[in-house]
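K.L.:
Provided herewith is a single structure, encoded as structure tokens, for subsequent inquiry.
Number of protein chains: 2
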Amino acid sequence: MARDLDIRVAIIEDDETIREGYAYLIGNTPGYKVTGAYPSYEDAAKKIAHDDPDVLLLDVELPGISGIEALPKLKKLLPETYILILTVYEQEELIFRALGGGASGYLTKNTPHEKIISAIHEVMEGGGPMSAHIARMVISSFKRNEETPLTKRETEILEHISTGKSRKRIAQELFIDLETVKSHIKNIYHKLNVHSKADAIKTAKDNKFI
Amino acid sequence: MARDLDIRVAIIEDDETIREGYAYLIGNTPGYKVTGAYPSYEDAAKKIAHDDPDVLLLDVELPGISGIEALPKLKKLLPETYILILTVYEQEELIFRALGGGASGYLTKNTPHEKIISAIHEVMEGGGPMSAHIARMVISSFKRNEETPLTKRETEILEHISTGKSRKRIAQELFIDLETVKSHIKNIYHKLNVHSKADAIKTAKDNKFI
DNA sequence: TAAAGTTCCGACAGTTTGGGGGATATTGTA
DNA sequence: TACAATATCCCCCAAACTGTCGGAACTTTA
Chain A
13 MARDLDIRVA
23 IIEDDETIRE
33 GYAYLIGNTP
43 GYKVTGAYPS
53 YEDAAKKIAH
63 DDPDVLLLDV
73 ELPGISGIEA
83 LPKLKKLLPE
93 TYILILTVYE
103 QEELIFRALG
113 GGASGYLTKN
123 TPHEKIISAI
133 HEVMEGGGPM
143 SAHIARMVIS
153 SFKRNEETPL
163 TKRETEILEH
173 ISTGKSRKRI
183 AQELFIDLET
193 VKSHIKNIYH
203 KLNVHSKADA
213 IKTAKDNKFI
Chain B
13 MARDLDIRVA
23 IIEDDETIRE
33 GYAYLIGNTP
43 GYKVTGAYPS
53 YEDAAKKIAH
63 DDPDVLLLDV
73 ELPGISGIEA
83 LPKLKKLLPE
93 TYILILTVYE
103 QEELIFRALG
113 GGASGYLTKN
123 TPHEKIISAI
133 HEVMEGGGPM
143 SAHIARMVIS
153 SFKRNEETPL
163 TKRETEILEH
173 ISTGKSRKRI
183 AQELFIDLET
193 VKSHIKNIYH
203 KLNVHSKADA
213 IKTAKDNKFI
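In structure tokens:
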């Protein structure tokens, strides 16, 4: 008994118990409707575009093509659908690959049922639902290291270098002499204990100096 | 009548009505305690370290030193304190500067009172509370552009270039010939319609190809 | 007032860069 | 299966860039 305004939700999750659990939960929540529930990307691929879901709950560990790998393919099949990752994994690399691949949210599987419903609602309203710990990791990824040995000017110049600009061009953009830029770079290399552009950039990024 | 286990909250907010409103809200919530409420960074600087707050609610638009500029200074005064930004502004640049400066959360001022309380609780529990729209912007900043004209290999090589590595080094790391790297770069430049490393990196980053 | 930071100077060998012209496999897919 | 796209490799060249050496003067800040 579908209503026109129901939020249409699809699920890709290999564990049958979990999948049916979610389907039951969502199907029995007023205003939400399950349009399809699949155990793998391969199974979903054929029919999911026809389901026309508003939101897709996607597991990352799937048999065959993993959820992460399936993400860009699903995005192409469903350009208008919000994809929420639902997983037990909290590894940084996985999270950032998922967000880079077009996920609009990232929930861990210990998320209480009512939170899953509210996350679906939230993503429809322009939000970006994340589990608390995930959100912390995402925020931390932006945090600069205040303990930098580099001065403001040195940091600024290293930032320019990391964009691939030549020293000459940096000098022009900062309205200083080429020699000054060279001098700063000399000091940067000493402080970071490196002997090349690439190593300086790597050290600085690893330590969040830039 | 402070209890030992109360969460200690400080506030820096120039608007008196809002400041007192928050102070009243938090002070009257069991388990929370206001240790100080200041209209500016300058006012707070003298006393806030002595307050020893667990969480600091910080406005970004302050008279004198702005909240954003005050962030690193406050971090030094209060290394253990979680800082939550509370502001009407939702500009990308401001958000990322705040998170880069060490903020642990970012709330807009239309946040309902109970959400402010739960955000304070959440940050104490290892979370990263954000308003829905902020979270969406943060997530979007990671999203890659699937419409890239570059092939996988070209993208990979451009990524290496953006770390400052020389072509020779890239060739070594990818176990291919220097000439192959040059060939890929030639194609990348053609596709992106640029004539230098710096321009290629800029175009690719602007368009989220890398 | 010291110390730290920013600015500028010159010379050198070696490396990198961007552009030109190709060729040959391997892939994916229509 | 055949075509287009991709990935690999080859040669040549001039110009520009890089990293290091060893300075010096001026300004800001603690």
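For the record, the sequence lines run as chains A and B. For what it's worth, this note's numbering labels the leading residue of the first sequence as 13, then goes sequentially. For what it's worth, this note's numbering labels the leading residue of the second sequence as 13, then goes sequentially. By construction, the Cβ of each residue, glycine as well, lies at the ideal position given by its N, Cα and C atoms.
Since V67 (chain A) contacts L96 (chain A) with CB under 8 Å, what's their CB separation in whole angstroms?
P.N.:
Along the first sequence, read from residue 1 onward, the residue named residue 67 (chain A) stands at position 55. Along the first sequence, read from residue 1 onward, the residue named residue 96 (chain A) stands at position 84. Between L96 (chain A) and V67 (chain A) the Cβ distance is about 6 Å, and since that is below 8 Å, they are a contact.
K.L.:
Residues of chain B with CB closer than 7 Å to the CB of F154 (chain A), please, in chain order.
P.N.:
Taking the first sequence and counting its residues from 1, one reaches residue 154 (chain A) at position 142. The answer, in chain order, is F108, L111, G112.
K.L.:
Can you confirm whether the segment 168-184 of chain B touches the segment 133-146 of chain B when touching is taken to mean that 3 or more C-beta pairs between the two stretches lie within less than 8 Å?
P.N.:
Segments in contact, no.
K.L.:
Between the beta-carbon of G117 (chain B) and the beta-carbon of V135 (chain B), is there less than 7 Å?
P.N.:
Within the second sequence, the letter at position 105 stands for residue 117 (chain B). Within the second sequence, the letter at position 123 stands for residue 135 (chain B). Yes, the pair counts as a contact, with Cβ atoms nearer than the cut-off.
K.L.:
Based on Cα-Cα distance, which residue from B:N205, B:G76, B:K177 lies nearest to I24 (chain B)?
P.N.:
Translated into positions along the second sequence, residue 24 (chain B) becomes position 12. The shortest Cα separation from I24 (chain B) among B:N205, B:G76, B:K177 belongs to B:G76.
K.L.:
Go through its chain and collect everything with a Cβ distance to Y2 (chain A)'s Cβ below 8 Å, but skip five positions before and after it.
P.N.:
Nothing about residue 2 (chain A) can be read from this structure; chain A reaches only from 13 to 222.
K.L.:
Looking at the strands, I want to know which residues DSSP matches up with I95 (chain A).
P.N.:
In the first sequence, residue 95 (chain A) corresponds to position 83, counting from 1. According to DSSP, I95 (chain A) bridges with A:L68.
K.L.:
Quick one: what's Y53 (chain A) bridged to in DSSP?
P.N.:
Within the first sequence, residue 53 (chain A) is the residue found at index 41, counting from 1. Looking at the DSSP assignment, Y53 (chain A) forms no beta bridge with any residue, so it has no partner.
K.L.:
Is any beta-carbon of chain B found at less than 7 Å from that of P251 (chain A)?
P.N.:
Residue 251 (chain A) lies beyond the stretch modelled for chain A, which goes from 13 to 222, so this question has no answer here.
K.L.:
Could you tell me the alpha carbon to alpha carbon distance between A82 (chain B) and V150 (chain A), rounded to whole angstroms?
P.N.:
As a first step, residue 82 (chain B) must be located in the second sequence, where it is residue number 70. As a first step, residue 150 (chain A) must be located in the first sequence, where it is residue number 138. If I take the Cα positions, the gap works out to 22 Å.
K.L.:
Does the ligand GTP have even one heavy atom less than 6 Å from the beta-carbon of A216 (chain A)?
P.N.:
As far as ligands go, the structure on display features none, and thus does not contain the ligand GTP.
K.L.:
Roughly how many angstroms lie between the CA atoms of S152 (chain A) and K220 (chain A), to the nearest whole one?
P.N.:
Residue 152 (chain A) sits at position 140 when you count from the first residue of the first sequence. Residue 220 (chain A) sits at position 208 when you count from the first residue of the first sequence. Straight-line Cα distance between these residues: approximately 11 Å.
K.L.:
Taking only beta carbons into account, state which residues of the segment 126-154 of chain A come closer than 9 Å to chain B, listed in chain order.
P.N.:
Residues passing the 9 Å Cβ filter: E134, V135, E137, G138, G139, G140, P141, M142, S143, A144, H145, I146, A147, R148, M149, V150, I151, S152, S153, F154.
K.L.:
Starting from the Cα of K155 (chain B), find the closest Cα among A:N157, A:I222, A:P84, A:E32 and give me that residue.
P.N.:
To locate residue 155 (chain B), count along the second sequence from 1; it is residue 143. It is A:P84 whose Cα lies nearest to the Cα of K155 (chain B).
K.L.:
Which same chain residues end up closer than 7 Å to T93 (chain A) when comparing Cβ atoms and leaving out the 5 residues on each side of it in sequence?
P.N.:
Sequence index remark: in the first sequence, residue 93 (chain A) carries index 81 (1-based). Once the five neighbours on either side are set aside, the close Cβ partners of T93 (chain A) are P65, D66, V67, L68.
K.L.:
Kindly say whether A14 (chain A), judged by its beta-carbon, lies nearer than 7 Å to any beta-carbon of chain B.
P.N.:
Reading the first sequence from its first residue, position 2 is the one you call residue 14 (chain A). Its pLDDT being 47, under 50, A14 (chain A) is placed unreliably in this model, and the value from its coordinates should be taken loosely. False, the Cβ-Cβ gap to chain B never drops below 7 Å.
K.L.:
Give a yes or no on whether 7 Å exceeds the smallest Cβ distance from I213 (chain B) to chain A.
P.N.:
Stepping through the second sequence from its first residue, residue 213 (chain B) is reached at position 201. For I213 (chain B), the answer is yes, since a Cβ of chain A falls inside 7 Å of its Cβ.
K.L.:
Mind checking which residues open and close the beta strand (DSSP E) that includes T167 (chain B)?
P.N.:
The residue you call residue 167 (chain B) lines up with position 155 of the second sequence. Not the beta strand (DSSP E): T167 (chain B) falls in the alpha helix (DSSP H), residues 164-173.
K.L.:
Output yes or no for whether 7 Å exceeds the beta carbon distance between L119 (chain A) and S143 (chain A).
P.N.:
Mapped onto the first sequence, residue 119 (chain A) falls at position 107. Mapped onto the first sequence, residue 143 (chain A) falls at position 131. Their beta carbons are under 7 Å apart, which means L119 (chain A) touches S143 (chain A) by this criterion.
K.L.:
Beta-carbon separation of A210 (chain A) and K177 (chain B) under 7 Å?
P.N.:
Counted from its first residue, the first sequence places residue 210 (chain A) at position 198. Counted from its first residue, the second sequence places residue 177 (chain B) at position 165. Contact: yes.
K.L.:
Just by C-beta distance, which residues in the segment 41-65 of chain A are closer than 7 Å to chain B?
P.N.:
Those residues of the segment 41-65 of chain A that come within reach of chain B (Cβ to Cβ, closer than 7 Å) do not exist; the list is empty.
K.L.:
Mind checking who I23 (chain A) pairs with in its DSSP beta bridge?
P.N.:
Numbered from 1 along the first sequence, position 11 holds the residue referred to as residue 23 (chain A). Beta-bridge pairing links I23 (chain A) to A:A49, A:L69.
K.L.:
Using a Cβ-Cβ cutoff of less than 7 Å, which residues in the same chain neighbour H207 (chain A) once the five nearest sequence positions on both sides are dropped?
P.N.:
Position 195 of the first sequence, counted from the first residue, corresponds to residue 207 (chain A). So the list reads Y201, once near-sequence residues are dropped.
K.L.:
Could you please give the first and the last residue of the uninterrupted alpha helix (DSSP H) stretch that includes L119 (chain B)?
P.N.:
Taking the second sequence and counting its residues from 1, the one referred to as residue 119 (chain B) is at position 107. Per DSSP, L119 (chain B) belongs to no alpha helix (DSSP H); it is in the beta strand (DSSP E), 117-120.
K.L.:
Rounded C-beta distance between G79 (chain A) and L89 (chain A)? I'm assuming under 8 Å.
P.N.:
To locate residue 79 (chain A), count along the first sequence from 1; it is residue 67. To locate residue 89 (chain A), count along the first sequence from 1; it is residue 77. 14 Å between Cβ atoms; not a contact.
K.L.:
Starting from Y44 (chain A), follow its DSSP beta bridges and name the residues at the other end.
P.N.:
In the first sequence, the residue the question calls residue 44 (chain A) occupies position 32. Y44 (chain A) pairs with A:I19.
K.L.:
Between B:A216, B:R179, B:R148, B:L190, which lies nearest to E158 (chain B) when the distance is taken from Cα to Cα?
P.N.:
Here residue 158 (chain B) is taken as the residue at index 146 of the second sequence, counted from 1. Comparing Cα-Cα distances from E158 (chain B) to each of B:A216, B:R179, B:R148, B:L190, the minimum goes to B:A216.
K.L.:
Identify the continuous alpha helix (DSSP H) that holds F108 (chain B) and give its terminal residues.
P.N.:
Within the second sequence, the letter at position 96 stands for residue 108 (chain B). Element bounds for F108 (chain B): 104-112.
K.L.:
Go ahead and label H172 (chain A) buried or exposed: buried means 16 or more other beta carbons lie within 10 angstroms of its beta carbon, across all protein chains shown.
P.N.:
For this step, residue 172 (chain A) is matched to residue 160 along the first sequence. It is buried - the Cβ of H172 (chain A) has at least 16 other Cβ atoms within 10 Å.
K.L.:
Roughly how many angstroms lie between the CA atoms of G33 (chain A) and L86 (chain B), to the nearest whole one?
P.N.:
As a working mapping, residue 33 (chain A) is identified with position 21 in the first sequence. As a working mapping, residue 86 (chain B) is identified with position 74 in the second sequence. Taking the straight line joining both Cα atoms gives about 47 Å.
K.L.:
Do T47 (chain B) and D63 (chain B) come within 7 Å of each other at the CB atom, strictly closer than that value?
P.N.:
Residue mapping note: residue 63 (chain B) aligns to position 51 of the second sequence, counting from 1. Residue mapping note: residue 47 (chain B) aligns to position 35 of the second sequence, counting from 1. Cβ atoms of D63 (chain B) and T47 (chain B): closer than 7 Å.
K.L.:
Going along chain A, which residues have a C-beta under 9 Å from G176 (chain B)?
P.N.:
Taking the second sequence and counting its residues from 1, the one referred to as residue 176 (chain B) is at position 164. I173, S174, G176, S208, K209, A210, D211, A212, I213, K214, listed in chain order.
K.L.:
Suppose contacts are defined by Cβ-Cβ distances below 7 Å. Is R179 (chain A) in contact with L190 (chain A) by that definition?
P.N.:
Start at 1 with the first residue of the first sequence, and residue 179 (chain A) comes out as number 167. Start at 1 with the first residue of the first sequence, and residue 190 (chain A) comes out as number 178. Closer than 7 Å, so yes.
K.L.:
For S116 (chain A), go through chain B and note every residue whose CB falls closer than 8 Å to its CB, in chain order.
P.N.:
Here residue 116 (chain A) corresponds to residue number 104 of the first sequence, with the count starting at 1. Ordered by position in chain B, the residues that pass the 8 Å Cβ test against S116 (chain A) are R148, I151.
K.L.:
Contact defined as beta carbons within less than 8 Å: I believe I213 (chain A) pairs with T167 (chain A). What is the distance between those atoms, to the nearest angstrom?
P.N.:
Working through the first sequence from its first residue, we reach residue 213 (chain A) at position 201. Working through the first sequence from its first residue, we reach residue 167 (chain A) at position 155. The Cβ separation is near 12 Å, so there is no contact.
K.L.:
Is there a C-beta anywhere in chain A that falls below 7 Å from the one on E158 (chain B)?
P.N.:
Counting from 1 along the second sequence, the entry for residue 158 (chain B) is found at position 146. It does; some Cβ of chain A falls within 7 Å.
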